[in-house]
Amino acid sequence: MIKVFLVMLFISSVAVAQNTKKIKTIIVDAGHGGKDFGAHGGYEGGLNSYEKNITLDISLKLVAELRRQLPDVKIVPTRTTDIYQNPREKAEIANENKGDLFICIHADAVNLKTGRRQIGSHKETRYRVKYSGRGKRKKKISTPYTVTVPTYEYYKIGSQRSGTSIWLFAAHKTSDKLKAVMDNEELQIESGIDSVYNSINFDTPEGRIRAKIYADRYQKKSIKLATMVDEEVDKTDRAALGLNQRQVGIWVLQATNMPAILIETGFITNHDDERYLNSDKGQQELAECITRAVKKYKEDIDHTSAAVAAIQKPVENNDTVEKYAERGKNILKRIDLKQQNFKVDLYDDGDIDGDIVSVYYNGKAVLSNKKLTDKPITLNLTADNDKSENELLIYAENEGNIPPNTALMVVTEGNTRTEVRITSDAKKNGVVLFTKK
Numbered sequence: 003m004i005k006v007f008l009v010m011l012f013i014s015s016v017a018v019a020q021n022t023k024k025i026k027t028i029i030v031d032a033g034h035g036g037k038d039f040g041a042h043g044g045y046e047g048g049l050n051s052y053e054k055n056i057t058l059d060i061s062l063k064l065v066a067e068l069r070r071q072l073p074d075v076k077i078v079p080t081r082t083t084d085i086y087q088n089p090r091e092k093a094e095i096a097n098e099n100k101g102d103l104f105i106c107i108h109a110d111a112v113n114l115k116t117g118r119r120q121i122g123s124h125k126e127t128r129y130r131v132k133y134s135g136r137g138k139r140k141k142k143i144s145t146p147y148t149v150t151v152p153t154y155e156y157y158k159i160g161s162q163r164s165g166t167s168i169w170l171f172a173a174h175k176t177s178d179k180l181k182a183v184m185d186n187e188e189l190q191i192e193s194g195i196d197s198v199y200n201s202i203n204f205d206t207p208e209g210r211i212r213a214k215i216y217a218d219r220y221q222k223k224s225i226k227l228a229t230m231v232d233e234e235v236d237k238t239d240r241a242a243l244g245l246n247q248r249q250v251g252i253w254v255l256q257a258t259n260m261p262a263i264l265i266e267t268g269f270i271t272n273h274d275d276e277r278y279l280n281s282d283k284g285q286q287e288l289a290e291c292i293t294r295a296v297k298k299y300k301e302d303i304d305h306t307s308a309a310v311a312a313i314q315k316p317v318e319n320n321d322t323v324e325k326y327a328e329r330g331k332n333i334l335k336r337i338d339l340k341q342q343n344f345k346v347d348l349y350d351d352g353d354i355d356g357d358i359v360s361v362y363y364n365g366k367a368v369l370s371n372k373k374l375t376d377k378p379i380t381l382n383l384t385a386d387n388d389k390s391e392n393e394l395l396i397y398a399e400n401e402g403n404i405p406p407n408t409a410l411m412v413v414t415e416g417n418t419r420t421e422v423r424i425t426s427d428a429k430k431n432g433v434v435l436f437t438k439k
């Protein structure tokens, strides 16, 4: 039996620097519009307002606030007037403008209960019925009489539900987000954390892997921004309802090739919320809350970019084996080999923060000081039949700006491909065990 040990040591690395990108373009979408009215207040004592108008008013204030506080960022509204756009058009605007963020503004609603009350009375004619005779001679006799009955009116009762919630594309709908990445034929070559290379052939296994890396990355970034918005809302007098996902997904969030969130600003079916959403004060407060969150998110991304740019040059190390030996082993996966030759592709599976690695196979360096990105580092390896154990060691020199280090390893053996996600720290090495009978 030949045993092949793939040992992965990740102390993480503070990184290199040319694959950095700051937030340049933000898309703001006002939900609904035109013939699509969206939710309706429609309860007794309400303002009889429609969602499409509220979302437009808030979005315009948000666009103005973002432009004021982030003058170096291009802010693109999907609409500035009461026009209808289907979700596909909205996604196309976002993708064609190469947005780095997509923020969709909506107002929530619940099904309203119906109440009734008496508003008077009216006369109603009824009939007493009796029969005379028997058999074929039986006759029906109806005698009219008048009664007074109450008159009711029916109305919708405003809901108790209120507050602001943030929605993400459903985790089980990641394939739709991946499709958005793959369908975008206009992707430009641009060094960046959230950039995709137009040289990717998505019909290949490598291309599909890289698209999935981006879809997963967008999900993580969406959660980060959504959390920041929720925290800002929580600082106001409004109820912050947290982060949510719809099981059926939200199409416009899945179809945009960027991190994306949908903000349900409040309940149009609630008395207080509806007035808040229609007021200049409420709309401005929401615009400022969202802007503060976006600024924090942008500062976080920009800080990452700056840290990546300020990389220390990796230093040649002669004590790699000794450092590796000091750490424990975490067996991540066991893979049975059917062939002697196999291929290993390594990707950065998280934010590309410049992790630099060296690779040793059976004690010999096969890769020196290489940076992990969304493009694969490929190693074609052969299991040594004279060895009972073949060891591949991946060594990272520095602590990354966004610890822990995450990597995607794809092992290809003939037509068989196996993916292993690796998260390591300074205490344990990630180990993948290969066996071949």
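439 is the number that the numbering used here gives the last residue of the sequence shown; the numbers go up by one with no jumps. Positions of the beta carbon are idealized from the N, C-alpha and C atoms, including for glycine.
Subject >> Validate contact between the region 226–238 and the region 143–158 using beta carbons, cut 8 Å, 3 pairs >> reply: no
**OP:** Give the DSSP-derived three-state secondary structure of residue 424 in the structure shown.
**Re:** strand
Original post:
Helix or strand or just coil, what does DSSP make of residue 371?
Top reply: strand
Original post:
Should residue 443 be labelled buried (16 or more other beta-carbon atoms within 10 Å of its own) or exposed?
Top reply: There is simply no residue 443 to check, as the chain begins at 3 and stops at 439 in what is shown.
Subject >> Contact check, residue 107 vs residue 60, beta carbons under 7 Å >> reply: yes
Subject >> Status (buried if at least 16 other CB within 10 Å, exposed otherwise) for residue 53 >> reply: buried
Original post:
Is residue 165 helix, strand or coil by DSSP?
Top reply: coil
Subject >> Runs of beta strand (DSSP E) wholly within the region 46–113 (minimum 3 residues, chain order) >> reply: 76–79, 103–110
Subject >> For residue 225 and residue 194, the rounded distance between their alpha carbons >> reply: Note on residue 194: pLDDT 30, under 50, position unreliable in the model; the coordinate value appears next. For residue 194 and residue 225, the distance between alpha carbons rounds to 20 Å.
Subject >> Neighbourhood of residue 69 by C-beta, 7 Å cutoff - its chain only, sequence neighbours within 5 removed >> reply: 77
**OP:** Select from 126, 270, 211 the residue whose C-alpha is nearest the C-alpha of residue 412.
**Re:** 211
Subject >> residue 85 versus 127, 51, 382, 39, residue with shortest Cα-Cα distance >> reply: 39
Original post:
Excluding five sequence neighbours on each side, which residues of the same chain lie with their C-beta closer than 7 Å to the C-beta of residue 374?
Top reply: 348, 349, 350, 357, 359, 409
Original post:
By the 10 Å Cβ neighbour count, where 16 or more other Cβ atoms means buried, how is residue 387 classified, buried or exposed?
Top reply: exposed
Original post:
Among all the DSSP beta bridges, which residues are the ones paired with residue 330?
Top reply: 430
Original post:
Which of the three DSSP states, helix, strand or coil, is assigned to residue 219?
Top reply: helix
Original post:
What span of residues does the beta strand (DSSP E) with residue 119 cover, start to end?
Top reply: 115–134
**OP:** For residue 31, count neighbouring C-beta atoms within 10 Å of its own C-beta (all shown protein chains included) and say buried if the count is 16 or more, exposed if not.
**Re:** buried
**OP:** Taking only the alpha-carbon atoms, compute the straight-line gap between residue 96 and residue 89 and give it to the nearest angstrom.
**Re:** 11 Å
**OP:** Go ahead and label residue 432 buried or exposed: buried means 16 or more other beta carbons lie within 10 angstroms of its beta carbon, across all protein chains shown.
**Re:** buried
**OP:** Could you please give me the residues that DSSP links to residue 24 through a beta bridge?
**Re:** None, per the DSSP bridge assignment.
**OP:** Please list, in chain order, all residues of the same chain as residue 156 whose beta carbon is under 8 Å from its beta carbon, the five residues on each side excluded.
**Re:** 116, 117, 118
**OP:** Put residue 387 into one of helix, strand or coil per three-state DSSP.
**Re:** coil
Subject >> Residue(s) in a DSSP beta bridge with residue 381 >> reply: 346
Original post:
Nearest-angstrom Cα distance between residue 289 and residue 48?
Top reply: 23 Å
**OP:** Pick helix, strand or coil for residue 303, following the three-state DSSP scheme.
**Re:** helix
Original post:
What is the rounded straight-line gap between the Cα of residue 257 and the Cα of residue 93?
Top reply: 6 Å
Original post:
Do you know offhand how far residue 333's Cα is from residue 434's?
Top reply: 6 Å
**OP:** Report the three-state DSSP secondary structure of residue 335 (helix, strand or coil).
**Re:** strand
**OP:** Can you grab the Cα-Cα spacing for the pair residue 168 / residue 414, in whole Å?
**Re:** 40 Å
**OP:** Note down the Cα distance separating residue 393 from residue 367, rounded to an integer number of angstroms.
**Re:** 12 Å
**OP:** Starting from residue 440, follow the beta strand (DSSP E) in both directions and report where the run begins and ends.
**Re:** This structure cannot settle anything about residue 440, because the visible part of the chain is limited to 3 through 439.
Original post:
Hey, residue 62 and residue 293 are a contact pair by Cβ (cut 8 Å); roughly how many whole angstroms apart?
Top reply: Going by Cβ atoms, the distance from residue 62 to residue 293 rounds to 13 Å, so no, they are not a contact pair.
Subject >> Exposed unless 16 or more other CB atoms sit within 10 angstroms - verdict on residue 153 >> reply: exposed
**OP:** Specify the secondary structure class of residue 201 as computed by DSSP and reduced to three states.
**Re:** Legend: pLDDT at residue 201 = 42, less than 50; position of this residue unreliable, value from coordinates given subsequently. In this structure, residue 201 counts as coil in the three-state DSSP scheme.
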